[in-house]
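Novice: Here it is, the structure in full.
Here's what the structure looks like:
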């Protein structure tokens, strides 16, 4: 009879090999899908584009989309301008991204951004990537830019969520609630649009999983102080540049639901199959 530990080792190695093969195959597929033709002539808004995943998305789109007009928005206008200079130095033949200051915590700032955008781009927006902000901010941003979305013939509303659309973690009650509300909001919006025959507007919800960003470092403690350090889990997260590449696959372009393969963890699987296990019951 084969040794149990030997069988377990073989099984583990097989799973790892299949996992690496799947990631490699998926990477090749995404690289192929991320082509300039998919974005030619599109106007694309990216919020939170000054750092982290938003910045990585801007770089990937600029490199891939020859004829696209990127519109980058963030509270940190100086970082956006530096990013534009970097992108233009890399390729001066492409359209220079346009930058706007946008503070999603300030409703007046959101309204002003929407007005300024429609003034500068009366034809509307083709893709709105809601990368920054929590539930309330994202829903208000989507509502404020609605006139720009209604103008276009076929447009995508893309919203980036966390792994917490699938599960929860310790000491994140408000954050987890926001992410679950976020998912319900866009699921409901998708159904309402379908009932109104507004099939020109496609909604994509993306859960990229843990990313190696400064999210936890910039978070506030219960006393209102800056946390000031990166959690160990986040340090082990994937590089935002890799996540940005994986996000733009065939499903993303078609506006379907999309959960990054990195976001499908054991806890999210257990939550659906054995709900009591992740919570210690």
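Numbering (my numbering), first residue to last: -9 to 271.
All residues carry an ideal CB built from backbone N, CA and C; glycine is no exception.
#1: Assign residue 92 to one of three DSSP states: helix, strand, or coil.
#2: Here's the rule I'm using: 16 or more other beta-carbon atoms within 10 Å means buried, otherwise exposed. How should residue 82 be labelled?
#3: Our contact map puts residue 37 next to residue 121 with C-beta atoms below 8 angstroms; I'd like the distance itself, whole angstroms only.
#4: What's the C-alpha gap between residue 104 and residue 134?
#5: For a quick check, are the C-beta atoms of residue 62 and residue 46 less than 8 angstroms apart?
#6: So, under 8 angstroms CB-CB, residue 89 and residue 71 are touching, yes? Tell me the CB distance rounded to an integer number of Å.
#7: Nearest to residue 33 by alpha carbon, out of 3, 55 and 39?
#8: Can you tell me whether residue 112 is buried or exposed? The criterion is at least 16 other CB atoms within 10 Å of its CB, across all chains shown.
#9: For residue 68 and residue 85, what's the separation of their Cα atoms in angstroms?
#10: Pull up the distance between the alpha-carbon of residue 172 and that of residue 196, whole angstroms please.
#11: How should residue 1 be labelled, buried or exposed, when 16 other C-beta atoms within 10 angstroms of its C-beta is the threshold for buried?
#12: Once the 5 residues before and after residue 180 are set aside, which same chain residues still bring their CB inside 7 angstroms of it?
#13: Given the structure, does residue 121 come close to the ligand GTP, in the sense that its CB is under 7 angstroms from one of the ligand's heavy atoms?
#14: Look up residue 64 in the DSSP assignment and give the residues it is bridged to.
#15: Excluding sequence positions up to five away, which residues of its chain have a Cβ less than 6 angstroms from the Cβ of residue 31?
#16: Would you say residue 31 reaches chain B, if we count a Cβ-Cβ gap shorter than 8 angstroms as a contact?
#17: Do you know how far the Cα of residue 74 is from the Cα of residue 176?
#18: Please return the same chain residues whose Cβ sits closer than 6 angstroms to the Cβ of residue 91, not counting the five positions on each side in sequence.
#19: If I'm right that residue 93 touches residue 99 with Cβ under 8 angstroms, what's the distance once you round it to whole angstroms?
#20: Compute the distance between the beta-carbons of residue -1 and residue 39, then report whether it is under 8 angstroms.
#21: From residue 42 to residue 119, what does the alpha carbon distance come to, in whole angstroms?
Specialist: The structure says:
#1: Here residue 92 refers to the residue found at position 102 of the chain shown. DSSP places residue 92 in coil when its eight states are reduced to three.
#2: Position 92 of the chain shown, counting from 1, holds the residue named residue 82. Classification of residue 82: exposed, given that the 10 Å Cβ count is below 16.
#3: To locate residue 37, count along the chain shown from 1; it is residue 47. To locate residue 121, count along the chain shown from 1; it is residue 131. Right, the Cβ-Cβ distance comes to about 5 angstroms (below 8 angstroms), so this counts as a contact.
#4: Mapped onto the chain shown, residue 104 falls at position 114. Mapped onto the chain shown, residue 134 falls at position 144. Those two C-alpha atoms are separated by around 6 angstroms.
#5: Residue numbering aside, residue 62 sits at position 72 when the chain shown is read from its first letter. Residue numbering aside, residue 46 sits at position 56 when the chain shown is read from its first letter. Against a cut-off of 8 angstroms, the Cβ pair of residue 46 and residue 62 comes out as no contact.
#6: By one-based count along the chain shown, residue 89 stands at place 99. By one-based count along the chain shown, residue 71 stands at place 81. Right, their Cβ atoms sit about 6 angstroms apart.
#7: Position 43 of the chain shown, counting from 1, holds the residue named residue 33. The residue with the shortest Cα to Cα distance from residue 33 is 55.
#8: Sequence index remark: in the chain shown, residue 112 carries index 122 (1-based). Classification of residue 112: exposed, given that the 10 Å Cβ count is below 16.
#9: Within the chain shown, numbered from 1, the residue matching residue 68 stands at position 78. Within the chain shown, numbered from 1, the residue matching residue 85 stands at position 95. Straight-line Cα distance between these residues: approximately 19 angstroms.
#10: By 1-based counting over the chain shown, the position of residue 172 is 182. By 1-based counting over the chain shown, the position of residue 196 is 206. Going by the C-alpha atoms only, they are around 11 angstroms apart.
#11: Numbered from its first residue, the chain shown carries residue 1 at position 11. Residue 1 should be labelled exposed.
#12: Position 190 of the chain shown, counted from the start, is the residue given in the question as residue 180. Once the five neighbours on either side are set aside, the close Cβ partners of residue 180 are 193.
#13: No copy of the ligand GTP appears in this structure; indeed no ligand is present at all.
#14: Here residue 64 is taken as the residue at index 74 of the chain shown, counted from 1. Paired residue(s): 91.
#15: The residue you call residue 31 lines up with position 41 of the chain shown. Taken in chain order, the residues that qualify are 57.
#16: Here chain B cannot be found, since the structure has a single protein chain.
#17: Taking the first residue of the chain shown as 1, we reach residue 176 at position 186. Taking the first residue of the chain shown as 1, we reach residue 74 at position 84. So the alpha carbons of these two residues sit roughly 31 angstroms apart.
#18: Position 101 of the chain shown holds residue 91. The residues are 67.
#19: Here residue 93 corresponds to residue number 103 of the chain shown, with the count starting at 1. Here residue 99 corresponds to residue number 109 of the chain shown, with the count starting at 1. Sure, about 4 angstroms apart at Cβ, within 8 angstroms.
#20: Position 9 of the chain shown, counting from 1, holds the residue named residue -1. Position 49 of the chain shown, counting from 1, holds the residue named residue 39. Taking 8 angstroms as the Cβ cut-off, residue -1 and residue 39 do not qualify as a contacting pair.
#21: Sequence index remark: in the chain shown, residue 42 carries index 52 (1-based). Sequence index remark: in the chain shown, residue 119 carries index 129 (1-based). The alpha-carbon atoms of residue 42 and residue 119 are separated by roughly 14 angstroms.
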